[in-house]
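J.: Structure incoming, see below.
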Amino acid sequence: MVDFDTAGQTAIQLADEFARAHGCDITIIRDLLGRNAFAIEGKLVPDKLCQDLGEGISKQCNPFVAPHPVIRIESMVAPELVLSSPDRKLLPEQLAQSGRVYLLERTAVGADWVRRPTVPSKTRIALYGFKGGVGRSTAAYMLAREFSRCGQVVLVVDLDLESPGISSLLVPTMEFADYGVVDHLVTAPVDLNPNLDIVTRAEISSSGNGEVWLAAAGGRTRAGYHYIEKLSRIYIDIPDSAGSKSMTFAERLENSIQYCERQVSEKSRQPDVVLLDSRAGIHDIAAIAITQLSTFALLFATDNRQTWEGYRELFRQWQVRLDPQHLSQVRERLQVVASMVPSRGREDYLARFRDSAQDCFADTLYDSVDAADSDAFSFSVSDESAPHYPFPILHSMDLVGIESSSELLGSDLVDAAYSQFLTSVLRMATETTNQ
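The opening position of the sequence shown corresponds to residue 1 in full-length UniProt numbering, with each subsequent residue numbered one higher.
Put into structure tokens, the structure is as follows:
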């Protein structure tokens, strides 16, 4: 039996050979079950050749073959669903030499990792960790507090919808607004002007006129409020208000965040910084937060093999699926964070961490160039401006067991642990704003 990966690579090879031989464009459509079909553009390609191609696909890619392995674009009822799909990607030369082979992945989740990135109009910082338990939400809390101390208005959006964490840190009483992010995601498709109170002032004291606002994942717990039923409905793409095209989950999430930003502006003033506390793992929300919603993304990691293999696989998807322009947009917004750096042997640990991070980036996202090429996106292991050079968060056994935001306030230990991280992120945010 041919496995999933082999079938996919074989389909690309067959499409590449056929496209070069007959001067036509081919879109490989891989459905939810991983079955491959070829959509051919080219009226001059004889039916017999298309039939032979279909037999070749069926033979070499079985069982990952669609019921109709070859389709002519001109015979489709709605060819624009293929030709204009945001998920249709021109395969780079290392995969298809002809340059006329496209891949359209029909997946339930995961497509947003390789959708074209967008650049938001204001400073938005995504916090992401490939693995959980790395202190991401606590770091988000500390960042929100630090930005507010600088007199800025901060909006924190809890995007860890399956396992909210930052919400309870910012509002320990759990007295959230009546509604949360999931409420907007399920309401906006049926009500173009929803009236939902989503943001609430966080309980962080700061000098000056700084403020922190929270858009929680869900609303205030009360009788008749059902969270799980909403969560199960949010991830699908839906028709837009005119019914003319599909709105992706990324577009819907962007609308929800903009709604929260406007609400903060109405209650106070325009947010200066938006912190997006994403969920861990390979998940659509994380993909969208990094590639679609953020100005830059903080990638939390500890120095272990599982973490770097996870990031390497993620980076590799960007490397082979994105064109050079959009790959550049993604990789330039990344910054690694070394979380939970041990107090014993700290310098040695950070050196090993830095080496592991540089290896990961060099294998995937950095350009392989001569030293004379000053425009290349490539950095030496000791370059402090490099995305692999970590912003450290120090760890101490004295910090274990801290569960509430009140325990984070006024602690010299906590301030020392996060000092370098906070300084580095604030500097990065300032540089991004001034660009």
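Note that beta-carbon positions come from the ideal geometry of N, C-alpha and C, so glycine has one too.
How is ALA66 classed by DSSP in three states: helix, strand or coil?
T.: By 1-based counting over the sequence shown, the position of residue 66 is 66. ALA66 falls in the strand class under three-state DSSP.
J.: Quick check on the DSSP output: the beta strand (DSSP E) that includes GLU211 runs from which residue to which?
T.: The count along the sequence shown starts at 1 and reaches residue 211 at position 211. GLU211 -> beta strand (DSSP E) spans 211 to 215.
J.: What is the DSSP secondary structure of ALA351, counted as helix, strand or coil?
T.: Against the sequence shown, residue 351 aligns to sequence position 351. ALA351: helix per DSSP, three-state reduction.
J.: Using C-beta distances below 6 angstroms, list every residue in its chain close to GLY18, excluding the 5 sequence neighbours before and after it, in chain order.
T.: By 1-based counting over the sequence shown, the position of residue 18 is 18. The amino acid at residue 18 is misidentified as Gly; the sequence shows Phe. Once the five neighbours on either side are set aside, the close Cβ partners of PHE18 are LEU53.
J.: So who's on the other strand from residue 441, going by DSSP bridges?
T.: For residue 441 there is no data in the structure shown, the boundaries of the chain being 1 and 435.
J.: Roughly how many angstroms separate the alpha carbons of ARG100 and VAL65, rounded to a whole number?
T.: Position 100 of the sequence shown, counted from the start, is the residue given in the question as residue 100. Position 65 of the sequence shown, counted from the start, is the residue given in the question as residue 65. Their backbone Cα atoms lie some 21 angstroms apart in a straight line.
J.: Restricting to runs no shorter than 3 residues, where is the beta strand (DSSP E) found entirely within the region 261 to 314?
T.: With a minimum length of 3 residues, the continuous beta strand (DSSP E) runs that stay inside the region 261 to 314 are 273 to 277, 296 to 301.
J.: Which residues share a DSSP beta bridge with LYS48?
T.: For the purposes of this step, residue 48 is taken as the residue at position 48 of the sequence shown. According to DSSP, LYS48 bridges with nothing at all.
J.: Following the continuous alpha helix (DSSP H) through ILE166, name the residue where it begins and the one where it ends.
T.: Indexing the sequence shown from 1 puts residue 166 at position 166. Start and end: 166 to 170.
J.: Let me make sure I understand the geometry here. Which of SER294, HIS395, SER137 has the alpha-carbon closest to that of ALA250?
T.: The count along the sequence shown starts at 1 and reaches residue 250 at position 250. Nearest option by C-alpha distance: SER294.
J.: Counting along the chain, where does the alpha helix (DSSP H) carrying MET340 start and finish?
T.: The residue labelled residue 340 in the question sits at position 340 within the sequence shown. First-last for MET340: 334 to 341, but that is the beta strand (DSSP E), not the alpha helix (DSSP H).
J.: Quick check: what's the CA-CA separation for ILE393 versus GLU55?
T.: As a position in the sequence shown, residue 393 is number 393, starting the count at 1. As a position in the sequence shown, residue 55 is number 55, starting the count at 1. Looking at the two C-alpha atoms, the distance is approximately 57 angstroms.
J.: Output yes or no for whether 7 angstroms exceeds the beta carbon distance between ILE73 and PRO67.
T.: In the sequence shown, residue 73 corresponds to position 73, counting from 1. In the sequence shown, residue 67 corresponds to position 67, counting from 1. Contact: no.
J.: Nearest to ILE148 by CA position, among TYR225, PRO271, HIS184, is which residue?
T.: For this step, residue 148 is matched to residue 148 along the sequence shown. According to the sequence displayed, residue 148 carries Ser and not Ile. Among TYR225, PRO271, HIS184, the Cα nearest to that of SER148 is on PRO271.
J.: Give the straight-line distance between the Cα atoms of VAL186 and ASP87, rounded to the nearest whole angstrom.
T.: As a first step, residue 186 is located in the sequence shown; it is residue number 186 there, counting from the start. As a first step, residue 87 is located in the sequence shown; it is residue number 87 there, counting from the start. Whole-angstrom Cα-Cα distance: 23 angstroms.
J.: Could you tell me whether the Cβ atoms of LEU103 and ILE28 are closer together than 7 angstroms?
T.: Residue 103 sits at position 103 when you count from the first residue of the sequence shown. Residue 28 sits at position 28 when you count from the first residue of the sequence shown. Yes, the pair counts as a contact, with Cβ atoms nearer than the cut-off.
J.: Can you grab the Cα-Cα spacing for the pair VAL264 / VAL425, in whole Å?
T.: One-based indexing of the sequence shown puts residue 264 at position 264. One-based indexing of the sequence shown puts residue 425 at position 425. Going from the Cα of VAL264 to the Cα of VAL425 covers about 23 angstroms.
J.: Where does VAL199 fall in DSSP's three states?
T.: Within the sequence shown, the letter at position 199 stands for residue 199. Residue state, collapsed to three classes: strand.
J.: So is SER382 buried or exposed if we call it buried at 16+ other beta carbons inside 10 Å?
T.: Numbered from 1 along the sequence shown, position 382 holds the residue referred to as residue 382. The residue in question, SER382, is exposed, as its Cβ has fewer than 16 Cβ neighbours within 10 Å.
J.: Would you call the region 331 to 348 and the region 135 to 152 in contact, with 3 or more CB pairs under 8 angstroms?
T.: In short, these stretches touch, since the Cβ pair count reaches three.
J.: Could you tell me which residues DSSP pairs with VAL134 in its beta bridges?
T.: The count along the sequence shown starts at 1 and reaches residue 134 at position 134. Bridge partners of VAL134: none, in fact.
J.: By DSSP, does GLY129 sit in helix, in strand, or in coil?
T.: If you number the sequence shown from 1, residue 129 lands on position 129. Three-state DSSP puts GLY129 in a strand.
J.: Note down, in chain order, each residue of its chain lying with its Cβ closer than 6 angstroms to the Cβ of LEU422, except the 5 sequence neighbours on either side.
T.: In the sequence shown, counting from the first residue as 1, residue 422 sits at position 422. Hits under 6 angstroms: GLU146.
J.: Check the C-beta distance from SER278 over to LEU169 and give it rounded, since I have them as a contact under 8 angstroms.
T.: Mapped onto the sequence shown, residue 278 falls at position 278. Mapped onto the sequence shown, residue 169 falls at position 169. No, SER278 and LEU169 are not in contact; Cβ-Cβ is about 15 angstroms, not under 8 angstroms.
J.: Identify whether PRO324 lies in helix, strand or coil by the three-state DSSP scheme.
T.: As a position in the sequence shown, residue 324 is number 324, starting the count at 1. Correct three-state label for PRO324: helix.
J.: Return the chain-ordered list of same chain residues with a C-beta closer than 6 angstroms to the C-beta of GLY345, the five sequence neighbours on each side being excluded.
T.: Reading the sequence shown from its first residue, position 345 is the one you call residue 345. Same-chain partners within the cutoff: there are none.
J.: Given a cut-off of 7 angstroms, decide if PHE38 and ALA15 are closer than it, judged by their beta-carbon atoms.
T.: Here residue 15 refers to the residue found at position 15 of the sequence shown. Here residue 38 refers to the residue found at position 38 of the sequence shown. Contact flag set, yes.
J.: For ASN36, I'd like the list of residues in its chain whose CB is within less than 8 angstroms of its CB, leaving aside the five on either flank, ordered along the chain.
T.: Translated into the one-based positions of the sequence shown, residue 36 becomes position 36. For ASN36, where only same-chain residues beyond five positions count, the Cβ hits under 8 angstroms are ALA7, GLY8, ALA11, ILE28, ILE29, ARG30, ILE57, CYS61, PHE64, VAL65, ALA66, PRO69.
J.: Starting from the C-beta of PHE130, find all residues in its chain whose C-beta is less than 6 angstroms away, skip the five residues before and the five after it, and write them out in chain order.
T.: Within the sequence shown, residue 130 is the residue found at index 130, counting from 1. These residues qualify, in order along the chain: THR307, GLY310, TYR311.
J.: Considering LEU155, what are the terminal residues of the alpha helix (DSSP H) in which it resides?
T.: Start at 1 with the first residue of the sequence shown, and residue 155 comes out as number 155. Element bounds for LEU155: not the alpha helix (DSSP H) but the beta strand (DSSP E), 153 to 158.
J.: Alpha carbon to alpha carbon, what distance is there between GLN152 and GLN335?
T.: Translated into positions along the sequence shown, residue 335 becomes position 335. Translated into positions along the sequence shown, residue 152 becomes position 152. Rounded to whole angstroms, GLN335 to GLN152 spans 22 angstroms at the Cα level.
J.: Comparing alpha-carbon positions, which option in ASP3, ALA215, GLY208, GLU261 lies nearest TYR179?
T.: Here the question's residue 179 lines up with position 179 in the sequence shown. It is ALA215 whose Cα lies nearest to the Cα of TYR179.
J.: Roughly how many angstroms lie between the CA atoms of ARG269 and THR430, to the nearest whole one?
T.: The residue given as residue 269 occupies position 269 in the sequence shown. The residue given as residue 430 occupies position 430 in the sequence shown. Cα to Cα, ARG269 sits roughly 19 angstroms from THR430.
J.: Alpha carbon to alpha carbon, what distance is there between GLU41 and ASP158?
T.: Numbered from 1 along the sequence shown, position 158 holds the residue referred to as residue 158. Numbered from 1 along the sequence shown, position 41 holds the residue referred to as residue 41. ASP158 and GLU41: Cα-Cα distance of roughly 44 angstroms.
J.: Is ILE236 helix, strand or coil when you go by DSSP?
T.: Taking the first residue of the sequence shown as position 1, residue 236 is located at position 236. Looking at ILE236 - three-state DSSP - the assignment turns out to be coil, as it is neither helix nor strand.
J.: Closer than 6 angstroms by C-beta to PHE391: which residues in its own chain qualify, once you throw out the five before and the five after it? Chain order, please.
T.: Translated into the one-based positions of the sequence shown, residue 391 becomes position 391. Correct list, in chain order: VAL337, PHE421, SER424.
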